[in-house]
Structure formats: C-alpha cells, structure tokens
Amino acid sequence: MKPARFDYYSPSSRDEALELLGQYGDDAKILAGGQSLMPMMNMRLVRPKVVIDINRIAGLSHISPRRDAGLAIGAMTRQRELERSALVLETAPLLSWAIPYIGHFQIRNRGTVGGSLAHSDPAAEIPAVCLTLETEFELANSGGERTVKAEDFFLNHLTTALEPVELLTQIRIPQTVGNWRWGFQEVCRRDGDFALVGAATMLHLDDKGICLEARITTFGAGGTPMRMDAAEVYLSGSSVSTDDRSEAARLVSDALDPISDIHASAKYRRDVAGVMVRRALEQALLPQALPLNEGEDAA
Amino acid sequence: MTTERNIRLTVNGKAYESLVPVRMTLVDFLRGELDLTGTHVGCEHGVCGACTILVDGSAMRSCLMLAVQADGASLMTVEGLADGPELHPLQRAFQRNHALQCGFCTPGLLMTAYEFLRDTSNPTEEQVREGISGNICRCTGYAPIVQAILDVSQEAG
Amino acid sequence: MVQQYIGASITRKEDERFLTGRATFADDVKLPGMLHATFVRSPHAHARIVAIDTTAALAMPGVVAVFTYDDIAGMAKAIPVRLYPLPSLEPFLQYPLAQDKVRYVGDPVAIVIADSRYLAEDALDVIDVTYEPLPAVVDIEESLRDEIIIHEAPGTNLAAHYVVSTGDIDQAFRDAEYTRKERFKTNRHTGNPLETRGMVVAYDAGELTVWGATKVPHFNREVLSSLLDFPEEKMHFVEGDVGGGFGIRGEFYPEDFLVPFAAIRLGRPVKWTEDRLEHLIAANHSRDILCDIEIAMKKNGAILGIRAQVYGDMGGYIRTHGSLVPASTAGLLMGPYNVPAYECGVHCVITNKTGVGTFRAPGRYESCFIRERLLDMAAADLGIDPAELRFKNLIQPSQMPYNAGRTRADGDTIFDSGNYPQALTRALDEIGYEETNPKRWVDDAGRYHGIGIATYVKNTGRGPYEGARIVISGTGDVDVYLGITTMGQGHETTMAQICADSLGVSMDAVTIYHGNTDYIPFGGGTYGSRGTVMGGNAVHLACQNMKERILSLASTYLDTEPANLVLQTGEIFRKGAEQGPALLSLGEIAGLAENPGFNEEGSGTLEITAYFEADQLTFSYGSHAAHVAVDPETGKIEIIRYVVVEDIGRAINPLMVHGQAVGGAAQGIGATLLEELVYDDSGQLLAGSFMDYLLPTSTDVPPIESIVLEEAPSPLNPLGVKGAGEGGIVATGATLANAVSNALAPLGVQITQLPLSPSFIAKLLSG
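Protein chains in written order, with my numbering: chain A, 3 to 301; chain B, -6 to 150; chain C, 6 to 772.
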C-alpha cells in the first residue's frame, strides 16, 4: 500500500502556501498531521497531484487567550498539546474532555485540530465540540481572509465550507459568561475508535437551575455533526428534570436520519443518539462537571 | 516536479543524509534505506502501531509520515533503546514477563511504552492499558506487557 | 541436585533479538538485485476474464514483468489439499492464477514484478483487465440452490457432503422426554497475525531458496516441487523469524507458486510482502459455520442424542485444508460429554468469498459455541442449573479412554485421558459460581450482569510423525535441529528444556534450530497444537537415543558397562559418584565418536536423528467462565472477569503455557465481540481494512485469569504432554455468549449467532 506519485511542496510561510493553493486548487491536498490523509494516500483512495505540507509554516500552532476571554487556536496545533493545555481546560473544558477520545496518544501527537476540522469525519469529536462551542473558523486564501461560523462550516459528509484554494488558519472559541455546564458522551466499539454515535452538550443555567440556553450536538448520526434545535428549544426555560432529559432525548432521536453501516444500524444510531444526549445532560448536571467562569454575570 | 528531496536527520544519535523519493514513507525509509529493520510494518494505515517510533521525542506512526517530513528531525527507533550491550529496563522487563511471543509488535510497543513511562509516573494498571491501546498484539493478550510496564514504573519508584 | 528444566518457567533464550530490533522477519531479508512483486487481484466476486492488457504496465520504467495464466499454463496445476481431503473436493481447488474466471474479490489474475513495491503498485494502476461480471452468491442457503454455479465442471456449489454417526439417533429421539432444535451461526473471521505474509525467493546455480517459509515447510516444498517440476533436493525452505501464524500463514497459497516461478523465470531474487488490505482478502478466512442442531434429553438433563447439520461456507475455492473447518465442527460437536447417539451431516458449500482454512482451534471454537449455548438453553427449559447440567453429562475419569464414536469421516474420536469435572469445578471456584446467587442481576447503573460457563475438549498432537536431529560437537555444544517450525511459541526455549533434561546437559549448552528444510529430511511442521507433543517427543526420543550412544561410547572407552555410568550436566560420572570428578565431557565423547580407530559404529559425527510416531490424538480440555455486564441502552458488553482453566497434561514451561492461554483467550474475545469479515450482496468485503475489521486492543481484553492444570497427563507419549496452543480460544465464543444470554435472559435475549456487536445486542433487545 504505497502512495501514488505526487509533487511535493513544503512552504515555510503562510503566503507561500496560499500561493500554491491558489495555483493548484483542486489538484492539491494539504498535508497537516497526516493521520487522516496518509492512510487514504497509502491505500490510493486519494491521489493528489500535489501535496502541500504545511508542517513547516511558523505561526500556525498556538493556543492564545483573546481579549474577550475566549480562545484562539492555530490550525496546526497538535491535538496532544490541546489535551495538555491548562488554558483550554480553563476556557473550554468540553474540548479538553473530548480530545482523549480521539484515537490514541500517538495519533494525537501528530494529528492537528485544523486537520480534524478540515477532514470533517461525521463521527469525529473535534468538529462536534467546535459546533457546540459556536467556534469561528478563519479561512485564508491568497486574496484575503474570511470568517465562517461553525454552523456554516460543516456542509456534508467529509465536506466543509473550505474552498480548494483556502487554508484553515485558526479557530476562535468565544467566551461563555455565566454558569455553563457541559457534558460529553460517545459510544464506540473500541476505545479510541470513531464514535458509533455521540453527543456534546452545554447548558447555561441561572442561579435557580433553570436553563437559559441549551446547546446539544450529535455526531456520528448524520453527514455532519448537528445541533439539535427541537431539543434545545424544549430545554430552554426548563429545569432540565429527568422527564425533560428524556423528552429531549426523544426529540433528538425523532429528528435524526442516520445511515446504516457494518458497525451499527440506522435504528441503533437514532436510538442511541438519544441515550447519549440524555446521559450528556445528566453529566452536565453533576456537581463535578466544571462550571465555566462561575460566579460571573448569570443573566 | 519534485520527485526527490535531500534530507538530513538523526536516528538513534547518528546523523544520516539521503536523497529520498518524496512519496516514500518514513518507515520504508528507515527499513529500506537505513537498514534499520527493527521498526515493522503491520497495516500501513495507522491502526496497528507496529511502526511506532519517536520523532523529536514523541511517539508517532512512521507509516503515516513521509520520509521528507523527517528532514531535520531526531528520531529514536528500537535499535536505539539499549545502551550498547546493556538492555533498557523496558527490554529486560518484557523478557522477564514473557511480554513477547512472535516479537513483531514488540518494537512499536517498546517505543510507545518509552514515551508513556516518561510522561506518566506511577500509572495504574488501567492507565497502562489505556496507554498501550494504540498498539495491537496478536499473541500475548496484553497482560504480560502491562505487567512489564508496571514493573518498570515501580522500579523507577 | 541436578537442575530440572521441564516444568520450570524459564524466560526465553531467543528474546534478545526481538527486543533489540535484530530479528529477521521475511521483509527484513534483502538480497542484491532483488525485485518486488505485487498482484493484480479481481475486484469482482464473480466474473469472466475477457482480456488482460499489460502493455502500458510493461512500458513503465522499472516494471520488469507481468505474468498471467498464459505464462504458467504449461505447469498450471491445482494446489493440492493437505488435510481432510475428499474426492468430491478436487474440482473446486484453486490454481495459482485465475484462468478464465474469478470467483472471489482478491482472486489473483496476474503477478507484477518491478524494481520496487512502489513501482509495482504503479503498474497495477495501468494494467487493464476486462471482466464480464456475473451474479455473485454469498449466502449458504442461496448457494445450495445451485442457481448461480461457481465451478462449471462439477455443476454444483456443494463441494462435499457426508454424514458421521454413532449410536441409534432415531431411538434417542423416540426416547426423548425433552428436545430442542436451534440454528446457530458463527461469524466469518480470521487470525490476522501482525506480520502479513511474505517471502523472498532466489534462484541461483540451479538451487531455489525460499525465505519466509513456516508452518509446514517440508510439505510446501513437496508441493512446490511438484507444481514447478523442480527437484525437491535443490529447494531450500528457510524459516527466519515469523510474526505469528495462528493457522493462517504457512499454508500453500497461489503466491507460494507465483513468486518462485517469477524468480526462476527472471533469474533474480524476488520479494513479495503482502500488505494488510491484501491480507484481508487473500489470506485464509475461517469460522463461517451455519449449524442446525437438535438435542434429545431426559427430563433430568441426561443427554440421549444430538443430531445436526453443519454447513461450512468455504469461499470460492477449496484450499489446502479441504473439508477441515466444517469437518472439525462436526468432529467435536458432542464435546466432553456422554452422548450415546450422534448424527451429523457435514456440508462444504462454495460461495463467492475468500477461501477458508484453519484459524486457531478450527471447528472447535464453533462447535463449542453451538453445543454450550444449546446446553444452557436446555438447562433453562428444564429448570436445571447450567453447571449441574454439565456435571450430569461430563465423561468421567473412570470412563477413560473414552470412545466417542465415529464423529470423523476417517475414524473414531477417542479421548485418551482427562478429568473433565475437575477442570469445570476449578473454573466455577475461580469465578465464584456457588457464592454468586442469583447468577444474574441488574446494577445501580442499570447494567445487566451475568455469569457464563463452557466446557471443551481439544484435539492436539496430530501425527503421523515428527523428527529431531541432534549433533554434538567437540566443544560439547548440543545443536538440535527440529522438524517443527515456530511462529512465536518459544520453541527455542522449550525444546532446549526438553533436550537438557532428556539428555542430561545444561540448557546453556543447547541451541535449537528450526524451520529449515535442510536441517532434517522429513518434518511434520507446527499446527493444531502438535509442536510440543510431536516435536517435543521427537527431541526426547532423539535424546534418549543419543544418550544411549554416548553411554555406549563412554562405557567402551572407560571399559565398563553403560549401566555403571550416568550423563549429567553434560558430563559422564560413575553412577553413585556424581558428586565426584567427571570422567568424560560431552566434547570428549564427540571426539571419541569422530575417532576412526575408536568408533566402529559408522558416522564420525556424534549425531542422531529420530522420528517420533503417533497415530492417535491426545486431548487437552478445560472450562472457561466469565462475568459480563451489558448496558441495555447501548448494547455494549464489558467483560468484568474472564477465567480460563486448561489441563494440558504436563507443562514444559508454565510461563509459555499461560502465554498461549491468555493470548488465545484475547483472540477469542476479539472474535466474539468485534471481528467480522462482512460481505455485501455483491461479494465485496466491507471489512476490508483495520478501520472496519476490528482487532482487540489492551482495553478490550480484561486481565485474563489463566489456570493451568496437569492432572491428566497424556498416556500416549513419554513426556505425558498435550498441546497447549489452542485451549485459550476454544470456549471464548461459548462462554461470552452464555454469560450475555444469562444476563439478558429476563429481557428475552438468547444468543444464537456471533459476533456480539453493540448494534446486534440492541437489535435483540428491541426485537
């Protein structure tokens, strides 16, 4: 299983990379961590004419706090670095919690946050978490930059808003103010595998425990990770009681139309997505779930 | 068309320079060009871990890297574990515990364990199992490998 | 006190090269001028080959040759069956290349030789094969309708059918107070050694050398000699280090003809290293068994009879294992129990899938699952505790040797020795069976817990013979050349232990050589847990003969009777004066042997070759027990405890025996929960990579508790040993399925097929 021939570039600057992308577009593939691309190239499922290796570009790997107390993460930041970051744990613990579910540490040593997002496997953890965190994506091309919201970034199975001439350079995770709780659940056949189905949730609660805002994302249950609007609306204003959680789960299952494959049937994914949501909500309400920015303005 | 590139790298403390095809994987380079056949190929799609080496101190699947990506890097493979005739504590512990049968997964596991033990002190059995879960062994059923790693972590105190 | 090696948990002599990356696996072999092979394989499950256009490939720089059926036509013969042949199987055998039809995805159509594997794969991209696709059949029952015929000549997809029977089955069912009929299915899966297949073949000055041989190199050499019409004595099969076999590696496959053919044709060494995707479609699959079974019992649980139909999905061709997989399923379906009447029809069914062969405990994992599930069902129906039902029917030690009747096409099955109730009792004790009441419950998190058990018996030590050759040099070094091979079992250590004790030398003086056809003229190989039984006893026999020779030489030299001398730690002592000074060393005796004036016996070297013969199998046995917890909402199964109790008669090296048991159990756990070679209706393998064919990792396997018993040594060989290679895997499907069925019984779930994926469990729960 050896890759087919390709032309190889390893630009040392962002501009150089963008120029190459502008030139080769569809004929090129970006090589970041390689944990998704290299298997496909080794199997000759993917045969780019040009490989643009962006591992040598400075400035694409960073975890930086922002003025508004959110977080900016460079696209080339290794997943292992995110996993170990105290800053990420403090600002976006949902991400810290999800990362260890990704493969195994050797994969996370090399895999990047940007690579996972650009590849956009429907059952991947990082896209689902970014959708839940309402992350913004910064895309650059040789002409300039644009920002795309998470809700507009994941379009379809393995398809994102990234144009062939564009490079994802960083993501911005906005600050969440108030008493936010979060939960993350997935079921997979083996630890580290892509999830059969999973759920990520964030709940904004007032000081009486009433839900001001609910964010619920399922992954592995469709072509992309999905925010579950009906369930979110239902929980808003509720006390997220046991019955509320069950109803939210039911609304989630009803809204899904997953695929069947050799690992799980569509019915399984649909039913268990509901279970994952219910359990993620339970987890979010547990005392030990880290509240974000506790004590700040809860209104 | 850039079909070949000159690379310079260090492997187990020794410097190498080589002209390599850009599409050659790092594991094929190590095995084929440098004759370091201790690192093995089990799947070529990043699942089995037989090809695990350390790249600049981090364990990675060398079947998922191109040789050209190792330009300027410092690698460690299983051949670099022992200190001359002195086996590394991990190697001794593997032997003591019968943690290898056919030996094909062993180099990858040793390199994984090397990083794991460097970064985790006093691991529990569960943590060790989690730590090596990215390496497949078909022969031992994992128990003796876990024990070998626990032995070394306890030796280190 | 002289050190006793047999029975000691000695760490392995051979480990250092594996630990330091200095082992020599097939792909590590490099020869000057070496070329690289790859194969054009059919992307269709069933198709006619219309044309093959190799011009573009041959025009590529670095591509040296492409050989198709036309190039081998003059010598193309079917690859013969090695085990379990039947005349009706002959028309279904595989040729080294497909001629006018392909019958499974992966069927080799051409071999491509190039300067590198990269270039060879580039050539694959431009080789143009025109196929005329045909409808494919992937289901046993559909195939049996013979509407889509896969091999035209025989005109049927039923490659073999025969019936074994013992006792009066009709009477058994007439006398029955209880019967139960069920259909069971075991999942197609395979061994996946971590090293894929591979070889390097060199043809030089009329001699052909094959590196990468293993398992049965003498047999394979004979086959290759016949296929190539090449003198056997000029062929050298060399086994280096082998990355696991599990029954899959080492059989004669099409590639084992094609690579040597290319090496001879091109006059340059050719290397072929299989890749993983290729392995999954080209190397033997196993375990694909469908069984309709019915049991007749008395209300008190006594078994009166079992009648069954076993269908083996053999894939597109019959390969070297003939009817083995379904035949072995039928052969021990009745297990270690008193089953007075038994009748089983065995069917070998051809489908458009990869060919089938042995994977560790072939037919035994399957039949244990089928029978032990049925016994648990009967226990529940009759209101008898499952363990009690086993005890009621287990063959007792007083019945040994026990003739279970004609359960095989070629003879009776006779259990040589065993205390089956003792092994079961031990397993029950370990899992805490008596104290755990009830044996199923629901925990606070809503998970369903259950205990499951299973008991098995396993044939080991297949004959008819095995050889060992011992050479002692003037330095006193003892070199032992084995007829058996090794693929991780540690024979370099265990055979040295046997030699040291049997001969009377220090283990440090012994070096074991294995797997090279030049080492010994005849060898049986390693498979079916025969290594220690046959190879170990061959070493023992050779040592006995060598010791006799040594004592004879020494006694002549010392002018005394052999009975007055003793060979101990490599030295000759007067009997009774072993503490005193040695009279002669082994090296000196070797010198005596080489002294033409002294030695009238013939050959100058101190060398003995011996062949140990056996015409009966020796049976290991045991019980497994498991505690599982099932999450009813996700269908996920956690194995909380897994206990393996195995009696192997006598352990040469307990450390190694435990290694086999734990390793086997881990493979069985993976097979039962995770692994399946899933095909779609058009015959495409959907589980075509490790992304979809899921092997167990360290977090999928609990710490397996292994207990090794030596209560019933084998009466069939001097060492008293039984094979230990497969017991760990035999009862895994049965035990886990019983535990899960027990746990989920209140929800109406009864397992009758494998694997137990979360989606499958969820489906059973909602159905």
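We put the CB at the ideal spot given by N, CA and C, even for glycine.
**OP:** Kindly indicate which three-state DSSP category residue 471 (chain C) falls into: helix, strand or coil?
**Re:** In the structure shown, residue 471 (chain C) sits in a strand (DSSP, three-state: E or B).
Original post:
Hey, quick one: how far does the alpha helix (DSSP H) through residue 487 (chain C) stretch, first residue to last?
Top reply: Note, residue 487 (chain C): premise wrong, no alpha helix (DSSP H); beta strand (DSSP E) at 483 to 487.
Original post:
Who are the near neighbours of residue 491 (chain C) in its chain, counting only those whose CB is closer than 6 Å to its CB and skipping five residues on each side?
Top reply: 519
Subject >> Extent of the continuous alpha helix (DSSP H) to which residue 765 (chain C) belongs >> reply: 763 to 771
Original post:
Quick one, which of C:371, C:95, C:135, C:594 has its alpha-carbon nearest residue 48 (chain C)'s?
Top reply: C:135
Original post:
Between the segment 82 to 95 of chain A and the segment 146 to 158 of chain A, do at least 3 Cβ pairs fall closer than 8 Å?
Top reply: Fewer than three pairs of CB atoms, one per stretch, sit closer than 8 Å, so the segment 82 to 95 of chain A makes no contact with the segment 146 to 158 of chain A.
Original post:
Which value, in whole angstroms, describes the spacing of the CA atoms of residue 297 (chain A) and residue 253 (chain A)?
Top reply: No answer about residue 297 (chain A) holds up, because its pLDDT of 33 lies below 50 and its placement is not dependable.
Original post:
Going by DSSP, which residues form a beta bridge with residue 291 (chain C)?
Top reply: Looking at the DSSP assignment, residue 291 (chain C) forms a beta bridge with C:194.
**OP:** In angstroms with no decimal places, state the Cα-to-Cα distance between residue 277 (chain C) and residue 43 (chain C).
**Re:** 7 Å
Subject >> Test: residue 236 (chain A) CB closer than 8 Å to a CB of chain B >> reply: no
Original post:
DSSP beta-bridge partners for residue 302 (chain C)?
Top reply: C:183, C:308
**OP:** Could you tell me whether the Cβ atoms of residue 292 (chain C) and residue 193 (chain C) are closer together than 8 Å?
**Re:** yes
Subject >> Cα-Cα separation between residue 638 (chain C) and residue 193 (chain A), rounded to whole angstroms >> reply: Answer to the nearest angstrom: the Cα atoms are 18 Å apart.
Original post:
Taking just the CA atoms, how far does residue 252 (chain C) sit from residue 791 (chain C)?
Top reply: Here chain C comprises residues numbered 6 to 772, so residue 791 (chain C) is not present and cannot be evaluated.
**OP:** Check the Cβ-Cβ distances between residue 54 (chain B) and every residue of chain A, and say whether any is below 8 Å.
**Re:** yes
**OP:** Compare the C-alpha of residue 821 (chain C) against each of C:217, C:299, C:211, C:247 and name the closest.
**Re:** One cannot answer for residue 821 (chain C) here, as it falls past the ends of chain C, which runs 6 to 772.
Original post:
Quick one: does residue 26 (chain A) have its CB under 8 Å from some CB of chain B?
Top reply: No, residue 26 (chain A) does not count as interfacial toward chain B.
**OP:** Return the chain-ordered list of same chain residues with a C-beta closer than 6 Å to the C-beta of residue 510 (chain C), the five sequence neighbours on each side being excluded.
**Re:** 483, 575
Subject >> Residues bridged to residue 213 (chain A) [DSSP beta-bridge criterion] >> reply: DSSP lists A:207 as partners of residue 213 (chain A).
Original post:
Which of the residues in the segment 639 to 655 of chain C, read from start to end, lie with their CB under 8 Å from any CB of chain A?
Top reply: Per Cβ criterion, the list reads 639, 640, 641.
Original post:
Does DSSP classify residue 747 (chain C) as helix, strand or coil?
Top reply: helix
Original post:
Are the beta-carbon atoms belonging to residue 24 (chain C) and residue 88 (chain B) less than 8 Å from one another?
Top reply: yes
Original post:
What first and last residue would you give for the alpha helix (DSSP H) that runs through residue 542 (chain C)?
Top reply: 542 to 563
**OP:** Could you pull the start and end residues of the beta strand (DSSP E) that residue 459 (chain C) belongs to?
**Re:** 453 to 465
**OP:** May I have the straight-line CA-CA distance separating residue 49 (chain A) from residue 469 (chain C), to the nearest angstrom?
**Re:** 53 Å
Subject >> the segment 615 to 637 of chain C: positions lying closer than 7 Å to chain B by Cβ >> reply: none
Subject >> Contacting positions in the segment 677 to 691 of chain C - beta carbon closer than 7 Å to chain A >> reply: Residues 679, 683, 691.
**OP:** Mind reading off the beta-carbon distance from residue 112 (chain C) to residue 65 (chain C)? Whole number of angstroms is fine, and I expect it under 8 Å.
**Re:** Their Cβ separation, rounded to whole angstroms, is 24 Å, which puts residue 112 (chain C) and residue 65 (chain C) out of contact at 8 Å.
Subject >> Distance CB(residue 645 (chain C))-CB(residue 630 (chain C)) smaller than 8 Å >> reply: no
**OP:** Measuring alpha carbon to alpha carbon, tell me which of C:399, C:466, C:429, C:682 ends up nearest residue 458 (chain C).
**Re:** C:429
Subject >> Residue from B:50, B:-3, B:62 with nearest C-alpha to residue 109 (chain B) >> reply: B:50
Original post:
Does the distance from the C-beta atom of residue 396 (chain C) to that of residue 462 (chain C) stay below 8 Å?
Top reply: no
**OP:** Pick out whichever of C:351, C:354, C:439 has its Cα sitting closest to the Cα of residue 391 (chain C).
**Re:** C:439
**OP:** Note down the Cα distance separating residue 16 (chain C) from residue 737 (chain C), rounded to an integer number of angstroms.
**Re:** 28 Å
Subject >> Element boundaries [beta strand (DSSP E), containing residue 408 (chain C)] >> reply: Where residue 408 (chain C) is concerned, the enclosing beta strand (DSSP E) stretches over 407 to 413.
**OP:** Compare the C-alpha of residue 70 (chain C) against each of C:266, C:723, C:616 and name the closest.
**Re:** C:266
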